[in-house]
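From first to last, the protein sequence lines stand for chains W and H.
Position one of the first sequence corresponds to residue 1 (this note's numbering), numbered consecutively onward.
Position one of the second sequence corresponds to residue 1001 (this note's numbering), numbered consecutively onward.
Even glycine gets a Cβ: it sits at the ideal position worked out from N, Cα and C.
As the structure is a prediction and not an experimental result, all values here were calculated from the model.
A quick write-up on the structure given underneath.
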Amino acid sequence: MTAITATPRPEGGSAALFKHARYVVAENPVTGFAFALFVLIVLAAVIGPSIVPYDPLASDTAQALKPPSAHHWFGTDQLGRDVFSRVVVATRLDFFIAVASVALVFLMGGLAGVAAGFFGGWTDRIVGRIADTIMAFPLFVLAMGIVAALGNTVQNIVLATAIVNFPLYARIARAEANIRREAGFVEAARLSGNSDWRILAFQILPNVFPLLVVQMSLTMGYAILNAAGLSFIGLGVRPPTPEWGIMVAEGAAFMVSGEWWNAFFPGAALMIAVFCFNLLGDGLRDMVDPRRRT
Amino acid sequence: MLTMILKRAAMAIPSLIGVVIVTFLLTRALPGDPAAYFAGPAATPQAIQEVRVKLGLDKPLIAQFGSYVIDLAHGNFGTSLTTGQPVLTELRNRLPASAELTLLGLLVSIVIAVPLGIFAATRPNSLVDHACRLVATLGVSLPVFFTGLILIYVFYYLLGWAPAPLGRLDVFFDPPPQVTGFYLIDSVIAGQPATFLASLKQLVLPALTLGIFSLAPIARMTRASMLAVLSSDFVRTARASGLAPYTVVVTYAFRNAMLPVITTLGMVFSFLLGANVLVEKVFAWPGIGSYAVEALLASDFAPVQGFVLTMAVMYVALNLLIDVLYGLIDPRVRLEA
């Protein structure tokens, strides 16, 4: 028998992590850029509402539809509300929807997929059938149907976005759990008397986890797009709540008459957020699995 | 070949059953009492009870499902509460508008994405390659409704090249006599070049919007697949035999590289059909997407249900078509079946 040599653990947890992060950023500056953007978005989501210059809901009809200026960086909308303040404040809601839906699907899809891959048999068939049925729909259309049926609320947007992403997560988790089902370390754990559930929780899940985290960052962008799309067609978030999708929808009418700033800035914020998540997701994937680089 | 098609078609049946079950469950999941919902806000308890019996909501769930399936088999998709029209009729009238737009959008994205992918693959790490990656990432990051609005602002408001984003045809034109329902084709059949041009003008911006949104997966796949094929033995042999670079790339590599690209079309269609709803709203396009959105906002559920069902059935059919096409192009798939 060959001796099992443990790979030496890097010294000092946080210092090593920082070093690795610096290496990744240096190797791929785009990922570093995306990470900086990500920090900015999180910052806007956390402290945004308390630093914006104007109340995002306060209307001032005397100042309606003014182009960007020194007072109103992004101009004002048809009710004289400050677009900059609204765009910044909206970050929290959009970010929340994306994070919540991705966390939800991570739980649902990840657990269902791991169970399907590990237990096989009926569990596998049922999870596979559910995933296939969801995949039979164009995803945005299914999300529309779900929100329409369950009711027009933000919670249901989160739920619908999670449901349409379910197959992606379930499939990855299933495949990863399945190849590890017969792995040596699982057999060893079983032989030393661990129950199936214990093996699932302590042997399989930690191994599947990194791939699912990458998947989370890759689907964050899609989750924001999906949610903004739904609110653009008038589902979920209601005016006057600042949210990017609904702000673009409200500004759309003014695009044909030349008041571009109303729809442009929330749309640009949305685009930057999605762009950032996509780049970050690609970067994370390259770190975890360099073979899938395209 | 026929067995392969039949086998593949049989595989689509469980998907269809799943789709019907889901659309059925969606109505039953409507918040509150569906009978009260369908009876309208001003209904008396007696009227609600009547609606309940009329819709069969007093029966057990499985019996309701049975009658739902029977209704669908008879082409009864229910009636819209706001327009009073049968849902199926409206969907049928509006489907050509959506189909024309979606197909043209797909055409635009293929025409841009495939050459881009090929150029990127033949010159890896060149400027074109980086441009391809940037365009692909930007394409998926741009919210489709935002792209549409920007295009409207630039080409309608600033430059004045495009007509007002208000539907399929300028008000001064009459729609061509209906044959296919596609204005571009119908106007050619009717011999009306002016109508053809007018409807093409209306189509350009929305189709471009859809194209930009969906070109990313195609460009990425073309590039990856071309890279793999270009490093294969038969391409090396072709090069060594002194064939012109053009022949090697187009005749030898491109044909083989297209196969995985065709499989990605399934995903592209999922994107396109969803994005179509948003584009239709931006451009006031009278398709089934805007029909569903209007109904949605009026809490009129039957059209939404019909729309979701139609879209899902079309999507299943498209995936079937893509797989069959794949089998036709690639003999290896046929042998496996």
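CB contact flag (residue i, residue j, <8 Å)
i, j, result
"LEU1318(H)", "GLY145(W)", "no"
"LEU1103(H)", "VAL1282(H)", "no"
"THR1147(H)", "THR1209(H)", "yes"
"ARG212(W)", "ILE172(W)", "Here the sequence assigns Leu to residue 212(W), which means Arg is not the residue at that position. The answer is yes: Cβ separation under 8 Å."
"ALA160(W)", "GLY113(W)", "no"
"SER1098(H)", "GLU1294(H)", "no"
"ALA1298(H)", "THR1082(H)", "yes"
"ASN226(W)", "PHE95(W)", "no"
"LEU1259(H)", "ASP1330(H)", "yes"
"PRO1165(H)", "VAL89(W)", "no"
"ALA162(W)", "MET108(W)", "yes"
"LEU1057(H)", "GLN1046(H)", "no"
Residue environment, residue i, which counts as buried when at least 16 other CB atoms sit within 10 Å
i, result
"PRO67(W)", "exposed"
"HIS1074(H)", "exposed"
"HIS71(W)", "exposed"
"GLY1018(H)", "buried"
"PRO1014(H)", "exposed"
"THR61(W)", "exposed"
"ASN1125(H)", "exposed"
"PHE185(W)", "exposed"
"ALA3(W)", "Below a pLDDT of 50, predicted positions are generally treated as unreliable, and ALA3(W), at 46, falls in that range; the measurement from the model is reported next regardless. ALA3(W) comes out exposed."
"ALA6(W)", "A caution first: ALA6(W) carries a pLDDT of 44, below 50, which makes its placement in the model unreliable, though a value can still be read off. Exposed, since its Cβ has fewer than 16 Cβ neighbours within 10 Å."
"THR1251(H)", "exposed"
"VAL1053(H)", "exposed"
"VAL1179(H)", "exposed"
"VAL39(W)", "exposed"
"ARG9(W)", "Note that ARG9(W) scores a pLDDT of 46, beneath 50, so its modelled location is shaky; the value from the coordinates is reported in the next line. Exposed, because fewer than 16 other Cβ atoms sit within 10 Å of the Cβ of ARG9(W)."
"VAL1111(H)", "exposed"
"SER1241(H)", "exposed"
"PHE18(W)", "exposed"
"PRO1245(H)", "exposed"
"PHE1172(H)", "exposed"
"LEU1169(H)", "buried"
"ALA122(W)", "The displayed chain sequence assigns Trp, not Ala, to residue 122(W). So TRP122(W) counts as exposed."
"ILE1218(H)", "buried"
"ALA1292(H)", "buried"
"GLU11(W)", "Unreliable positioning characterises GLU11(W) in this predicted model, as indicated by a pLDDT of 47, which lies under 50. The coordinate reading is nonetheless provided below. With fewer than 16 Cβ atoms within 10 Å of its Cβ, GLU11(W) is classed as exposed."
"PHE1234(H)", "exposed"
"LEU284(W)", "buried"
"GLN1202(H)", "buried"
"ARG1220(H)", "buried"
Start and end residues, alpha helix (DSSP H) containing residue i
i, result
"SER69(W)", "Unbroken run through SER69(W): none, as it is neither H nor E."
"ASP196(W)", "196-199"
"TYR169(W)", "154-180"
"GLN950(H)", "Nothing can be reported for residue 950(H), as the shown portion of chain H is limited to 1001 through 1337."
"GLN1305(H)", "1301-1329"
"LEU111(W)", "83-119"
"THR1003(H)", "1002-1028"
"GLN301(W)", "In the structure displayed, chain W extends from 1 to 294; residue 301(W) sits before or after that span and is not available."
"GLU243(W)", "Per DSSP, GLU243(W) belongs to no alpha helix (DSSP H) and is neither H nor E."
"ILE1112(H)", "1087-1122"
"ALA1063(H)", "1061-1073"
"ARG1255(H)", "1255-1282"
"GLU1294(H)", "1288-1297"
"PHE232(W)", "205-232"
"VAL308(W)", "Coverage of chain W is limited to positions 1 through 294, which leaves residue 308(W) absent and any answer about it impossible."
"ALA189(W)", "184-191"
Rounded Cβ spacing between residue i and residue j (contact assumed at less than 8 Å)
i, j, result
"TYR1183(H)", "PRO1193(H)", "About 13 Å separates the two Cβ atoms, so there is no contact after all."
"SER217(W)", "LEU280(W)", "5 Å"
"VAL1135(H)", "LEU1116(H)", "7 Å"
"GLY1306(H)", "VAL1087(H)", "4 Å"
"ALA136(W)", "TYR1315(H)", "7 Å"
"MET1226(H)", "ILE1118(H)", "6 Å"
"LEU57(W)", "ARG81(W)", "7 Å"
"TRP261(W)", "VAL83(W)", "6 Å"
"LEU1101(H)", "PRO1206(H)", "6 Å"
Closer than 8 Å to chain A by CB, residue i
i, result
"ILE179(W)", "No chain A appears in the structure shown, which is made up of the protein chains W and H."
**OP:** List in chain order: all unbroken alpha helix (DSSP H) runs of 4+ residues lying wholly within the segment 1117-1156 of chain H.
**Re:** Entirely contained in the segment 1117-1156 of chain H, the alpha helix (DSSP H) runs reaching 4 residues are, in chain order, 1127-1141, 1144-1152.
Original post:
Going along the chain, which unbroken runs of the alpha helix (DSSP H) with 4 or more residues stay wholly within the segment 1168-1253 of chain H?
Top reply: With a minimum length of 4 residues, the continuous alpha helix (DSSP H) runs that stay inside the segment 1168-1253 of chain H are 1183-1189, 1193-1230, 1233-1240.
**OP:** Pick out the complete alpha helix (DSSP H) segments inside the segment 26-58 of chain W, 4 residues or longer, and give them in chain order.
**Re:** Counting only runs of 4 or more residues that sit fully inside the segment 26-58 of chain W, the alpha helix (DSSP H) segments are 29-51, in chain order.
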